[in-house]
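Enquirer:
2 protein chains.
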Amino acid sequence: MIYVNLRQLRFLVAIHEERSFTAAARRVNATQSGLSMQIKELEERLGLRLFDRSSTGVTPTTAGDRLYERATRILREVSAIENDVQTLSGQVSGRVQVGMMPTFARAVLAPVLERFARHYPNVEIKVTEAYSAVLCEAVTNGQLDMAVVPSGKMVPGLKAEHLATDVEVFVTSPNTKRKHLEPVDLSKCKPLKLALPGPGNARREKIDTYLETYQVPIDSIMELDTMMATLDLVSRSDWTTILPGCLCLPDIDDPRRKLHPVINPPLVVDYVFIEPASQSKTQAAELFAEEIVKEIRTTCTFCNSKLGAGDSVSG
Amino acid sequence: MIYVNLRQLRFLVAIHEERSFTAAARRVNATQSGLSMQIKELEERLGLRLFDRSSTGVTPTTAGDRLYERATRILREVSAIENDVQTLSGQVSGRVQVGMMPTFARAVLAPVLERFARHYPNVEIKVTEAYSAVLCEAVTNGQLDMAVVPSGKMVPGLKAEHLATDVEVFVTSPNTKRKHLEPVDLSKCKPLKLALPGPGNARREKIDTYLETYQVPIDSIMELDTMMATLDLVSRSDWTTILPGCLCLPDIDDPRRKLHPVINPPLVVDYVFIEPASQSKTQAAELFAEEIVKEIRTTCTFCNSKLGAGDSVSG
DNA sequence: TAAGGATATCAGTAATAATGATAACATTCA
DNA sequence: TGAATGTTATCATTATTACTGATATCCTTA
C-alpha cells in the first residue's frame with residue numbers, strides 16, 4: 055500500500071538539487087550505488103521515470119519535478135516532528151547555527167544576540183559571517199540552520215523569504231567637497247576609484263550591472279573582501295566604496311568618512327532569509343529567526359529614513 | 055538525521071485510532087510484537103513516550119496526539135504522491151469505491167453514476183449501500199475510498215466534511231385526514247405506530263432524541279432496516295415512518311403515500327462526506343466526490359424548497 | 001483464584017539496504 | 001584517434017533492519 059519511504063524521498067531531493075547521483079550520495083553520506091538502486095526501485099514501483107540519466111549527470115523529468123515538490127514538503131513536516139520533541143520537552147534549548155552577511159555583523163547582530171541569549175539561556179548560538187555563496191552552500195548541506203544574505207540567483211534546495219530593501223551608500227573620505235549625507239549621482243562624478251567585493255559576491259554583481267547601465271565613470275577598481283580594511287582604506291585615501299546602509303548606520307556620525315545615498319536611480323540591496331527547503335526550523339531556530347528578522351526590518355526602516363533618497367527607495 | 059520512518063507513522067496512526075496495539079496490528083497486517091518494537095524504537099529515538107500502556111489497551115500521551123496529527127497529514131501527502139502517478143499518466147482511470155447511505159440510492163446516485171461513467175469511461179465504479187456504522191468501518195480500514203453518511207458520532211481515522219442539511223419527512227398511507235405535503239407537529243398527533251431503522255443507526259439516534267425531547271406520543275415502534283419494505287408497509291397500513299427528504303423526492307407525487315415535513319421544531323438530518331484521514335483521494339475519486347457532493351447539495355436545496363417547513367430548516 | 005486479554009521481550013529468521021568493485025557509456029582534451 | 005575522466009548501472013556480498021511466533025508479565029474481571 056505504501057510504496058515510497060522517507061529515505062527514497064531524501065535521496066530524490068538530494069539528486070534533484072545536485073543534478074547528480076554521485077554528488078547527492080556524497081551529500082547524504084551514502085554511495086552512488088545505493089542511491090541508484092533506491093531510485094530505480096522507486097521508479098519501478100511508481101511506474102514512471104523520475105530522472106533522465108546521461109553520462110554527465112541527470113535531469114529530472116516532469117514527474118521528478120512534481121515529486122520533488124511534494125517530497126520537500128513531506129520532509130519538512132517530518133523534520134517538524136523531530137522539532138516538536140524539544141518543544142514538548144518544555145524549555146527552549148538546543149543549538150542554533152546562523153549565517154550572516156558581513157553587513158549585519160555590527161548594527162543588527164549584536165542587539166539580537168544579547169536579547170536572545172538573555173531570554174533563552176539554554177540555547178547554544180553559533181554565528182558565521184561569510185559571503186552569500188558560502189552561506190547558501192552551508193545552509194544547503196545542513197551546516198547552518200538559516201542565513202541572511204543579499205538576494206541573488208536562487209540556489210536549489212533553499213527556501214527564501216524577502217526581508218527588506220536597503221539603500222546602498224557611496225562612502226568617501228572626509229576630503230571631498232560633497233556634504234555628508236548629501237545624495238550623489240554616480241554617473242555625474244569624476245572617474246571613481248572604487249573598492250568593491252570580489253566577483254561572485256551577490257552585491258558585487260548588482261553593483262556592476264548598475265555601474266554599466268548608468269555608465270558610471272570608473273578610474274580603477276580594487277577587490278576587497280573585507281569590510282574593515284575597506285572602511286580604513288576609504289577614510290585615509292581617495293579610494294571610495296559602496297556599502298549597504300545598514301552597515302553604515304553605526305558610525306553615521308563618524309568624522310572619518312562621508313556617506314552619500316546613491317540616487318538617479320537609487321541603488322538598493324535586497325536582503326533575504328534562507329533556510330533548507332526540506333527541513334523545518336527547530337523551536338529555538340524559529341525564535342531566533344523571528345528576532346533577527348524583526349531587527350533587520352526595523353534597522354532597514356530606520357536606515358531608509360536616515361539615508362534613503364526619498365520615496366523611490368521603499369518600492 | 056531522520057529518525058522516524060513512514061512505517062512507524064503508519065503504525066502510530068493505527069494504534070492511535072484503535073487504542074490498541076493488537077487491533078492496530080490486525081489492521082495493518084502485522085504482528086502485535088512488531089508494532090510494539092517499532093513504537094518502542096520511535097519512542098526511544100524521540101526520547102518521549104507516545105502511549106500510556108495498560109492491560110486494557112493504550113491511551114495516547116500529549117506527544118502521541120501531537121504526532122498523530124502530523125502523521126496523518128504526512129501520510130496523506132505521501133499517498134498523494136502515489137495518486138499523482140495516475141494523474142501524470144494522462145487519462146483518468148482506476149477504481150473508485152464509494153459508500154452510500156440508502157437515502158441517496160435513488161434520487162442522487164443514479165444521475166451521478168450516469169454522468170460520471172459517460173465522462174470517465176476508464177474508471178471502475180463500485181458503490182456499496184449500507185448504514186453509517188458499516189460505511190465508517192469500511193472507509194477506516196480502506197475498503198472504501200469515501201462515503202456519504204448521516205452525521206453522528208465521529209469515528210477516529212476519518213476526515214469529515216458537512217454536505218447539507220435535509221428535512222426529515224413523516225410518511226403515512228393515503229388513508230389519513232392530513233393533506234399531502236402539509237407540515238405536521240408530531241407531538242400533537244395521536245399515538246404513532248412508527249417503523250424506524252434499528253438502534254445503532256445514526257438517524258435513529260437523532261430521531262429517538264427528538265421523540266423523547268418533544269414527547270411525541272408513541273403507540274409502538276417496529277425496527278425495519280430496509281427502505282423498500284418500510285415504504286411498502288406504510289402505504290398499505292396505519293404504520294408510519296420518518297424518512298429523509300431526499301429519499302422521498304423521487305416519488306413526491308406517488309398517490310400511495312402522503313408526505314409531511316416535521317415541524318415544531320423541524321427534524322433534520324445532516325449529511326457528511328467521509329474519507330480516510332491519512333490518505334488522499336485518487337484523481338478519479340476526487341472527481342467522483344465532486345459530482346456526488348454537487349448533486350447532494352442541489353438535491354437538498356430542491357428538497358428544502360419542496361418539503362421544507364419555511365426558513366427554520368436551513369439554519 | 002483462574003481466565004482472558006493486553007503489552008513486552010527474546011531469539012531466530014526473513015527481508016531489505018548498503019557496500020565496493022566493475023561494467024558501460026559519454027565527454028573532454030591532447 | 002585514443003587516453004583520461006567522470007557519469008550511472010549492475011552485481012554479489014555483507015551488514016543492517018524488521019518481522020515472526022512463542023513466551024513472559026501484568027492487569028482486569030468473573
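Quick note, the sequences are listed as chains A and B, same order.
First residue of the first sequence: 55, per the numbering used here; consecutive thereafter.
First residue of the second sequence: 55, per the numbering used here; consecutive thereafter.
Quick reminder that beta carbons are idealized off the backbone N, C-alpha and C, glycines included.
Nothing here was measured: the structure is a model prediction, and the numbers come from that model.
1. Who are the neighbours of G144(B) on chain A, taking C-beta pairs under 8 Å?
2. Can you name the start and end residues of the beta strand (DSSP E) that Y325(B) belongs to?
3. I want to see whether chain B comes within less than 9 Å of L198(A), judged by CB atoms only; does it?
4. Considering only DSSP beta bridges, list what G111(B) is partnered with.
5. Just how far apart, CA to CA, sit V316(B) and L341(B)?
6. Please work out which residues of its chain come closer than 7 Å, Cβ to Cβ, to F75(A), disregarding the five sequence neighbours upstream and downstream, and give them in chain order.
7. Would you mind stating whether I275(A) and L361(A) have Cβ atoms separated by less than 9 Å?
8. Flag L100(A) as yes if its beta-carbon sits less than 9 Å from any beta-carbon of chain B, otherwise no.
9. The beta strand (DSSP E) that contains D273(B), what's its start and end?
10. What does the Cβ neighbour count give for K244(A), buried or exposed, with the cut at 16 atoms within 10 Å?
11. By alpha-carbon positions, which one of E344(B), R257(B), E236(B) and A249(B) ends up nearest to E277(B)?
12. Compare the C-beta of G369(A) with all C-beta atoms of chain B and state if any pair is closer than 9 Å.
13. Count the other C-beta atoms from every protein chain shown that fall within 10 angstroms of the C-beta of N255(A), then say buried if there are 16 or more, exposed otherwise.
14. In chain order, what residues of the same chain lie with their CB nearer than 7 Å to the CB of V193(A), ignoring the 5 residues before and after it?
15. Express the C-alpha separation of N137(A) and M378(B) in angstroms, rounding to a whole number.
16. Can you round the beta-carbon distance between S186(A) and P204(A) to whole angstroms, since I take them to be within the 8 Å contact cut?
17. Around the Cβ of S359(A), are there at least 16 other Cβ atoms within 10 angstroms (buried) or fewer (exposed)?
18. Assuming contact is defined by CB atoms lying nearer than 9 Å, are V225(B) and V323(B) in contact in what I supplied?
19. Are the CB atoms of S227(A) and D308(A) nearer to each other than 9 Å?
20. So if DSSP puts F224(A) in a beta bridge, which residue, or which two residues, is it bridged to?
21. For T116(A), decide whether its Cβ has a neighbour in chain B, counting only Cβ atoms nearer than 9 Å.
22. Going by DSSP, what residue range makes up the alpha helix (DSSP H) through V58(B)?
23. Does the count of Cβ pairs from the stretch 109-123 of chain B and the stretch 115-131 of chain A closer than 8 Å reach three?
24. Among D279(B), V326(B) and T280(B), whose alpha-carbon lies nearest the alpha-carbon of A218(B)?
25. Name the DSSP bridge partner or partners of L246(B)?
26. List the endpoints of the continuous alpha helix (DSSP H) containing K360(B).
27. Counting only runs of 3+ residues fully inside the stretch 57-96 of chain A, write out the beta strand (DSSP E) ranges in chain order.
28. Taking only beta-carbon positions, decide if S366(A) is within less than 9 Å of chain B.
29. Whole angstroms are fine: how far does the CA of P175(B) sit from the CA of E191(B)?
30. Residues of the stretch 137-161 of chain B in Cβ contact with chain A at a cutoff of 8 Å, in chain order, please.
31. Looking at the strands, I want to know which residues DSSP matches up with L189(B).
Expert: This is what the structure gives:
1. Taking the first residue of the second sequence as position 1, residue 144(B) is located at position 90. Those do not exist, as G144(B) stays about 11 Å from chain A at its closest Cβ, beyond 8 Å.
2. Sequence index remark: in the second sequence, residue 325(B) carries index 271 (1-based). Run containing Y325(B): V322 to P330, per the beta strand (DSSP E) assignment.
3. Numbered from its first residue, the first sequence carries residue 198(A) at position 144. No, L198(A) lies away from the interface with chain B (no Cβ there is under 9 Å from its Cβ).
4. The count along the second sequence starts at 1 and reaches residue 111(B) at position 57. Beta-bridge pairing links G111(B) to S108(B).
5. By 1-based counting over the second sequence, the position of residue 316(B) is 262. By 1-based counting over the second sequence, the position of residue 341(B) is 287. The alpha-carbon atoms of V316(B) and L341(B) are separated by roughly 35 Å.
6. Position 21 of the first sequence, counted from the start, is the residue given in the question as residue 75(A). Closer than 7 Å at the Cβ level, and outside the excluded window around F75(A), lie I69, Q86, L89, S90 and V112.
7. Reading the first sequence from its first residue, position 221 is the one you call residue 275(A). Reading the first sequence from its first residue, position 307 is the one you call residue 361(A). Contact flag unset, no.
8. By 1-based counting over the first sequence, the position of residue 100(A) is 46. Using a Cβ-Cβ cut-off of 9 Å, L100(A) counts as an interface residue toward chain B, since at least one Cβ of chain B sits closer than that to its own.
9. Sequence index remark: in the second sequence, residue 273(B) carries index 219 (1-based). In the DSSP assignment, D273(B) falls within the beta strand (DSSP E) that extends over I272 to E277.
10. In the first sequence, counting from the first residue as 1, residue 244(A) sits at position 190. K244(A) should be labelled exposed.
11. For the purposes of this step, residue 277(B) is taken as residue 223 along the second sequence, with counting starting at 1. Nearest of E344(B), R257(B), E236(B) and A249(B) to E277(B), Cα basis: A249(B).
12. Along the first sequence, one-based indexing puts residue 369(A) at 315. For G369(A), the pLDDT reaches just 35, beneath the cut-off of 50, and the residue's location in the model is therefore unreliable, although a value from the coordinates is still provided. No, no contact with chain B.
13. Here residue 255(A) is taken as the residue at index 201 of the first sequence, counted from 1. Label assigned to N255(A): buried.
14. By 1-based counting over the first sequence, the position of residue 193(A) is 139. Same-chain partners within the cutoff: G153, M200, A201, L212, I328, E329 and P330.
15. Absent from the model: residue 378(B). The displayed extent of chain B is 55 to 369, so no value can be given.
16. Here residue 186(A) refers to the residue found at position 132 when the first sequence is read from its first residue. Here residue 204(A) refers to the residue found at position 150 when the first sequence is read from its first residue. Confirmed, Cβ separation roughly 6 Å.
17. Within the first sequence, the letter at position 305 stands for residue 359(A). So S359(A) ends up on the exposed side.
18. For this step, residue 225(B) is matched to residue 171 along the second sequence. For this step, residue 323(B) is matched to residue 269 along the second sequence. Contact: no.
19. Here the question's residue 227(A) lines up with position 173 in the first sequence. Here the question's residue 308(A) lines up with position 254 in the first sequence. No, the Cβ-Cβ distance between S227(A) and D308(A) is not below 9 Å.
20. Counting from 1 along the first sequence, the entry for residue 224(A) is found at position 170. Partner(s): I296(A) and H314(A).
21. As a first step, residue 116(A) must be located in the first sequence, where it is residue number 62. Answer yes: the Cβ-Cβ gap between T116(A) and chain B drops below 9 Å somewhere.
22. Here residue 58(B) is taken as the residue at index 4 of the second sequence, counted from 1. Here V58(B) belongs to no alpha helix (DSSP H), and DSSP marks it neither H nor E.
23. no
24. Mapped onto the second sequence, residue 218(B) falls at position 164. That would be V326(B), whose Cα lies nearest to the Cα of A218(B).
25. Within the second sequence, residue 246(B) is the residue found at index 192, counting from 1. Per DSSP, I272(B).
26. Locating residue 360(B) in the second sequence gives position 306, counting from the first residue. Looking at the DSSP string, the run of the alpha helix (DSSP H) that includes K360(B) is Q337 to L361.
27. none
28. The residue labelled residue 366(A) in the question sits at position 312 within the first sequence. Unreliable placement is indicated for S366(A), whose pLDDT of 43 sits below 50; no coordinate value is reported for it.
29. In the second sequence, counting from the first residue as 1, residue 191(B) sits at position 137. In the second sequence, counting from the first residue as 1, residue 175(B) sits at position 121. One C-alpha to the other measures close to 29 Å.
30. D138, V139, L142 and S143
31. Taking the first residue of the second sequence as position 1, residue 189(B) is located at position 135. None, per the DSSP bridge assignment.
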